[in-house]
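Q: Below you'll find the structure I mean.
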Amino acid sequence: MGNQVERLTHLSYAEVPTAEPAGTEPGPRIGVSYIFSVDEDDELGEEPVAGEDGPDRRSAPGGDREHERDKEEEGGGGCGDRDRDTYDLLNEVECSVYYRDQCIYEKRRRAGRSAKGDGQELLTPQPAEILLGRCQPGDLVEFVAAGQCPHWVVYVGDFQVVHLHQAEIRNDFLTDASQGRRGRLVSQRYRFKALPADAVVRAALQQVGVRGAQLRWSSSECFAAWCRCGRREFKVGGELRIGKQPYRLQLHLSEHSSHTLEFQSLHDLVLEKRRNDQIGKVALIRELAAHLHGDEH
913 MGNQVERLTH LSYAEVPTAE PAGTEPGPRI GVSYIFSVDE DDELGEEPVA
963 GEDGPDRRSA PGGDREHERD KEEEGGGGCG DRDRDTYDLL NEVECSVYYR
1013 DQCIYEKRRR AGRSAKGDGQ ELLTPQPAEI LLGRCQPGDL VEFVAAGQCP
1063 HWVVYVGDFQ VVHLHQAEIR NDFLTDASQG RRGRLVSQRY RFKALPADAV
1113 VRAALQQVGV RGAQLRWSSS ECFAAWCRCG RREFKVGGEL RIGKQPYRLQ
1163 LHLSEHSSHT LEFQSLHDLV LEKRRNDQIG KVALIRELAA HLHGDEH
C-alpha cells in the first residue's frame, strides 16, 4: 500500500472538466475532489463534494445554492453524541499547504513540539466549556465531529462567536455554535500575517446578517480565515485562474508517505481539504489506492 501511495505523488488534474461553484468566473476547476465521490454523503450530512451536482448545475454569482455553503452548521449527518465524544484523532488527515515554495498552512500532530509534549495537545479537541476559558477576542476555533466537515468560528468576546451558519453570518454563543461538538484553537493554522485582534473582531461583526446572494465565502473556514487575515483569496472568485497551479496540498498519510495535489486557487484547495477532513484518513487512502488501480486498467 505504501508503494502505491508513493506512485500517486505530484499528480496534476489540469485536464479534469468540472463545474464552477456559484459566484466564480467560468473556467476549469482543478483538484481530486472532482474524481472521487462520497457514496454516503446523505448520511454524512455535511458540506458536499465540490462538483458532485455535475457540470450542468450552475447558478448566478452569489446564488442561493445553500448546499454549496457550510452544511455542517446544521449539525446534520446523523452523528449522535456518542460519535462526537469518540472523535478519532488518529483518523484525521494531516496536511500542509504551499503557495509556490511557501508553507501557508499546516496541520500536523508533531507541529509545535515543546518540552511539555509532542504537540498532540494542539490538535486534541476540548469541550466548548473549556475553550471559553482559553479563547481571546480574535481567536479562531474549529469544532470537529466524526463524519463532518470542521466548523470554524471567530471568537469576539463575551462568550460569543461570529460564524457562517446555514448560509448566513450569525452571532451566537460559543456553546450554542458548537452544537455539542468539541473544538480547538486554530488561530495559527494559516500562516498569513494576522490582523490585530480588534480588527479581526470588527471584520467579523460587520458581516453579521449577511446571507444568501450576498455571501462571498463558501465555508465557515474561509469566512473565519478571511476575518483573521483579511485576504481576498478566501473569498469565492477572489483569485483569477490563469492556467497555473501555484497551490499545493500535501497530504501526510504516514511518517514516510505523502501525496500532493495541485490547485489554481486557495478556495479550490480548501474545498478539497475539507472534503478530506470529512471522510478521514482511512477512506482517503482507499480512494487513492482505487484511483491508482483504475489507472492501471
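For what it's worth, my numbering labels the leading residue of the sequence shown as 913, then goes sequentially.
By construction, the Cβ of each residue, glycine as well, lies at the ideal position given by its N, Cα and C atoms.
#1: Residue ranges of each alpha helix (DSSP H) run of no fewer than 4 residues wholly in the region 1088-1167, ordered along the chain?
#2: Tell me, which residues are paired with K1019 by DSSP?
#3: Whole angstroms is fine: what's the gap from V1056's alpha carbon to R1101's?
#4: With DSSP as the reference, identify every bridge partner of Y1067, one or two as the case may be.
#5: Might you give, ordered along the chain, the residues of its own chain that have their beta carbon closer than 7 Å to the beta carbon of K1185, omitting 5 neighbours on each side?
#6: Taking Cβ to Cβ, would you say P1096 is nearer than 7 Å to I1016?
#7: Is DSSP giving I1191 helix, strand or coil here?
#8: Name the DSSP beta bridge partners of S1169, please?
#9: Roughly how many whole angstroms lie between the Cα atoms of I1191 and L1200?
#10: For H1075, is the classification buried or exposed, using 16 other Cβ atoms within 10 angstroms of its Cβ as the cut-off for buried?
#11: Going by C-alpha to C-alpha distance, which of A1109, A1040, G1045, T1036 sits closest to V1068?
#12: Would the region 1146-1163 count as touching the region 1118-1132 if we require 3 or more Cβ pairs under 8 Å?
#13: If you drop the 5 nearest sequence neighbours on each side, which residues of the same chain put their C-beta closer than 8 Å to that of K1105?
#14: Using only the alpha-carbon positions, how far apart do G1050 and I1081 sit?
#15: Cβ of C1139 within 7 Å of Cβ of A1116?
#16: Could you tell me which residues DSSP puts in a beta bridge with D1084?
#17: Under the three-state reduction of DSSP, which class applies to L1052: helix, strand or coil?
#18: Could you say which of A1136, S1169, Q1176 lies nearest to I1154 if we only look at CA atoms?
#19: Between which two residues does the alpha helix (DSSP H) containing A1040 stretch?
#20: Just the Cα atoms here: how many angstroms apart are S1166 and E1174?
#21: Roughly how many angstroms separate the alpha carbons of P1062 and D1189, rounded to a whole number?
#22: For L1044, which residues in the same chain have their Cβ closer than 7 Å to its Cβ, ignoring the five residues on either side in sequence?
#23: Just list the residues that DSSP pairs Q1014 with in beta bridges.
#24: Using C-beta distances below 8 Å, list every residue in its chain close to V1073, excluding the 5 sequence neighbours before and after it, in chain order.
A: In short:
#1: Fully contained in the region 1088-1167 are the following alpha helix (DSSP H) runs of length 4 or more, in chain order: 1109-1118, 1132-1141.
#2: C1007
#3: 15 Å
#4: V1073
#5: Counting only Cβ-Cβ distances below 7 Å, and skipping sequence neighbours, we find C1007, L1161.
#6: According to the sequence provided, residue 1096 is Arg. The question's Pro does not apply to it. Their beta carbons are not under 7 Å apart, which means R1096 does not touch I1016 by this criterion.
#7: helix
#8: S1166
#9: 13 Å
#10: Per the 10 Å Cβ criterion, buried.
#11: Closest option to V1068, judged by alpha-carbon separation, among A1109, A1040, G1045, T1036: A1109.
#12: yes
#13: Only C1141 meet the Cβ criterion.
#14: 16 Å
#15: yes
#16: V1073
#17: Residue state, collapsed to three classes: strand.
#18: Q1176
#19: 1040-1043
#20: 20 Å
#21: 7 Å
#22: F1071, L1086
#23: Y1011
#24: Residues of the same chain with a CB within less than 8 Å of the CB of V1073, apart from the 5 flanking positions on each side, are V1053, V1065, V1066, Y1067, N1083, D1084, F1085, L1086, A1089 in chain order.
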